[in-house]
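Data first, discussion second: the structure below is written as structure tokens.
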Amino acid sequence: MATKLRAQTKRRHSPTSERRSVQLLLIGIAVAFMAITLVLPLYSVFHEALSKGVGAFFAALGEKDAQAAIRLTLLVAATAVPLNVVFGLAASWAIAKFEFKGKAFLITLIDLPFSVSPVISGLVYVLLFGAGSFLGPFLKSYGIEVLFALPGIVLATIFVTFPFVARELIPLMQDQGTGDEEAALSLGANGWQTFWRVTIPNIKWGLLYGVLLCNARAMGEFGAVAVVSGKIRGQTTTMPLQVEMLYNEYNAAAAFALASMLALLALVTLVLKSVLEWRFGEEIAAGNH
Amino acid sequence: MEVRVQNVRKEFDRFPALHDVSLDIRSGELIALLGPSGSGKTTLLRLIAGLETPTAGKVFFGDTDASEKTVQERNIGFVFQHYALFRHMTILENISFGLKVRPRSSRPPAGEIRRRAMELLDLVQLSGLEKRYPNQLSGGQRQRVALARALAIEPAVLLLDEPFGALDAQVRRELRKWLREIHDRTGHTTVFVTHDQEEALELSDRLCVMSQGKIEQVGTPDSVYDHPTSPFVFGFIGESSELPVTVENNELWVGGRAIGVPAGDAQPGEARLFFRPHDVELVEHDASLAGVVSTNRRVGGTRRVELEIGGAGHLVEVDLPFDHPAGEKTRLAFRPRRWKLFPAV
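In order, the protein sequences belong to chains A and B.
Note that UniProt numbering numbers the first sequence so that position 47 is 47, with each residue one more than the last.
Note that UniProt numbering numbers the second sequence so that position 338 is 338, with each residue one more than the last.
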């Protein structure tokens with residue numbers, strides 16, 4: 001009797017999950033898809049980069065224009081990301097903690113860069129600061145170049161990466177409500193103390209997550225930057241632009257050497273993101289609803 | 001510290017939450033703001049705290065007008081329904097927060113802050129848990145930490161918003177008793193909001209019953225229970241039964257029969273009779289309220305009988321001891337021992 005019962009339970013699978021064969025099939029499809037669309041391209045990037053040997057790889061990275069591109073990319077990211085942290089924090093603070101008219105409209109506006117093609121975003125700045133515009137010549141008369149220079153690239157990057165921090169923080173802060181802040185105020189803390197000692201610690205992991213995504217996008221942005229930069233070699237070419245130029249000149253090894261740096265950045269971002277998700281999953285999950 | 005709320009009005013987006021409310025809170029008393037949800041009790045508490053600004057009216061702390069003061073300047077201790085403990089701080093850090101954020105001139109030295117926080121931890125019977133984080137504590141423990149944190153700043157007034165609302169019945173009763181003890185020991189003027197009439201009756205020195213943005217009645221628990229001044233208060237505080245009656249010849253009549261209850265000084269005409277289900281006597285022969293038993297349920301030590309009175313189908317509830325022989329009958333006749341008449345609506 002007992003053995004018969006056990007035999008029956010053995011054959012039965014959990015009522016809420018698929019049969020083993022179905023599970024394997026689904027996992028197989030997912031793995032194959034990942035291999036074709038992600039792993040294989042990544043592998044070929046590194047393979048191509050090292051195709052002429054390690055020496056050529058480092059030579060390509062050490063080249064003057066490549067160095068300039070890397071420096072420019074880092075500079076753009078180092079300017080755009082902190083600014084977007086400030087803007088993102090301010091926007092999500094306002095949206096999550098206060099009631100005002102036009103709130104839904106503001107949220108839509110924040111999402112705008114996600115829904116607009118990056119090329120359009122770039123063109124907007126060309127229209128705004130170009131030779132035919134009002135602002136461009138005006139600023140130029142004071143010696144400030146926006147288009148085809150660093151300010152233009154930074155502006156375009158800020159625009160494209162604006163939603164990352166705000167999008168991550170708004171749901172998180174809405175979820176947390178204003179209770180903690182009210183408690184801090186009732187205990188005598190001023191607004192500044194409340195912000196640094198209560199609000200920021202409550203959102204720090206979500207904020208870090210947003211910064212990470214924002215940074216990855218800021219370094220990798222191509223479309224908007226391509227339009228505003230003018231692609232002046234060694235001056236206004238960021239890493240993605242430099243990769244494209246090298247590739248168009250049939251210098252595949254150098255192009256992929258630089259591309260591998262971007263790919264490496266993507267991998268590091270992914271690893272950090274996974275670590276954050278694994279370690280602080282609950283706090284970040286609130287931001288992913 | 002005594003607190004006076006003077007003709008306070010509060011509107012949210014033109015929607016009035018409080019209409020012209022005045023309340024005197026005596027120094028050192030424990031007063032409950034009691035009412036159903038939407039009655040404005042939490043709004044009143046937040047106005048006293050300074051977490052909301054009144055549309056009109058004033059709040060005085062002692063003789064000083066606190067209306068223009070910020071929440072920080074009012075020096076109040078506020079305990080939130082969902083505790084609002086700082087999740088990234090230990091229990092000790094939570095309790096010391098209010099002292100640590102003081103400007104340097106009035107901030108006690110670090111050792112003194114620690115000593116005071118440990119003392120408070122002892123007061124709320126949580127010694128030994130100072131290194132834990134809020135999410136490692138039970139709901140009841142968290143609420144005690146929240147109270148200790150509020151007490152740490154030596155508040156002029158202690159304000160509690162549904163302090164036991166998120167806890168289960170057992171813990172609730174314990175904490176209720178415990179809060180009373182703490183209050184007796186520290187003597188803070190304390191205002192707490194609740195929708196639980198039992199909690200308010202048991203815990204408070206005085207209670208303030210609110211409904212639809214107005215104060216219905218203020219008084220000691222006994223006086224409010226024994227002498228409710230409005231049908232709402234009678235119905236909200238304790239169990240109640242209601243019956244439409246007619247006043248004639250200084251007597252009450254139901255369905256053309258006198259029920260043996262004198263009308264006192266009530267005006268002849270329609271009226272509403274209120275009584276407590278447990279405060280009745282069964283009557284054999286004299287004039288009485290007679291009805292057909294429609295439901296009959298035992299609830300613990302009492303038997304609750306629902307009676308249909310007269311032809312109009314008015315239902316009233318009457319409590320009997322669970323082993324009373326009358327519980328078997330299909331008809332019952334009774335008279336309320338204590339009652340209250342209110343004019344018909």
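Ideal Cβ positions, reconstructed from N, Cα and C, are used throughout, including at glycine.
- When the beta-carbon positions are compared, serine 27/B and threonine 189/B come within less than 8 Å of each other.
- Histidine 82/B belongs to the set of residues whose beta carbon lies under 8 Å from a beta carbon in chain A.
- Alanine 84/B has its alpha-carbon roughly 53 Å from the corresponding atom of glutamate 244/A.
- Within chain A, Ser186 have C-beta atoms less than 7 Å from the C-beta of alanine 49/B, given in sequence order.
- DSSP places methionine 210/B in the uninterrupted beta strand (DSSP E) bounded by 206-211.
- In the DSSP annotation of this structure, the continuous segment of the alpha helix (DSSP H) that includes tryptophan 205/A starts and ends at 200-220.
- For arginine 337/B, the CB contacts under 7 Å within the same chain, skipping 5 residues up- and downstream, are Asp279, Val280, Glu281 in chain order.
- Boundaries around serine 22/B are those of the beta strand (DSSP E), 15-25, since no alpha helix (DSSP H) includes it.
- Within the DSSP secondary-structure output, glutamate 11/B pairs in a beta bridge with Pro16/B.
- In the structure shown, phenylalanine 322/B adopts coil according to DSSP, grouped into three states.
- Within chain A, the residues whose beta carbon sits less than 7 Å from that of isoleucine 153/B are Leu187, Gly188, listed in sequence order.
- When secondary structure is reduced to three states using DSSP, leucine 315/B falls in the strand class.
- Short of 7 Å from the beta carbon of valine 71/B, and not among the five residues preceding or following it, lie these beta carbons of its own chain, in chain order: Ala49, Gly50, Leu51.
- When secondary structure is reduced to three states using DSSP, glycine 143/A falls in the coil class, being assigned neither helix nor strand.
- Nearest Cα to glycine 53/A within the set Gly88/A, Ala266/A, Ala254/A, Ser133/A: Ala254/A.
- Per DSSP, leucine 99/B is one residue of the alpha helix (DSSP H) stretching across 91-100.
- In the DSSP assignment, threonine 189/B falls within the unbroken beta strand (DSSP E) covering 189-194.
- Per the C-alpha coordinates, the member of Pro201/A, Ile107/A, Leu187/A, Glu221/A positioned closest to valine 160/A is Glu221/A.
- Beta-bridge analysis with DSSP links asparagine 135/B to no other residue.
- In this structure, serine 240/B keeps its C-beta atom at 8 Å or more from the C-beta atom of phenylalanine 232/B.
- Between valine 8/B and the set Gly310/B, Gly313/B, Thr186/B, Thr55/B, the nearest pair of CA atoms involves Thr55/B.
- Rounded to the nearest angstrom, the Cβ distance from threonine 90/B to arginine 132/B is 7 Å, consistent with a contact under 8 Å.
- Residue range 20-34 is occupied by the alpha helix (DSSP H) that includes valine 22/A.
- In the displayed model, asparagine 84/A falls within a helix according to three-state DSSP.
- Spanning the alpha carbons of valine 245/B and glycine 310/B requires a straight line of approximately 11 Å.
- For the pair glycine 300/B and alanine 17/B, the CB atoms are not nearer than the 8 Å cut-off.
- At least one beta carbon of chain A lies nearer than 8 Å to the beta carbon of arginine 102/B.
- For glycine 165/B, none of the residues of chain A pass the 8 Å Cβ criterion, the least Cβ distance being about 14 Å.
- Proximity of proline 171/A to chain B, defined by a Cβ-Cβ separation below 8 Å, is not satisfied.
- Contacts between valine 283/B and chain A, judged by CB atoms closer than 9 Å, are missing: the closest CB pair is about 55 Å apart.
- Between valine 318/B and chain A, the shortest Cβ-Cβ separation is not below 8 Å.
- Chain B places a beta carbon closer than 8 Å to that of glutamate 182/A, counting this residue as a contact.
- Your pair leucine 175/B and phenylalanine 164/B checks out as a contact, with CB atoms roughly 6 Å apart and the cut at 8 Å.
- By the 16-neighbour rule on beta-carbons within 10 angstroms, methionine 261/A is buried.
- According to the DSSP assignment, glycine 55/A belongs to the alpha helix (DSSP H) that extends over 53-62.
- Proline 277/B counts as buried, since at least 16 other C-beta atoms from the protein chains shown sit within 10 angstroms of its C-beta.
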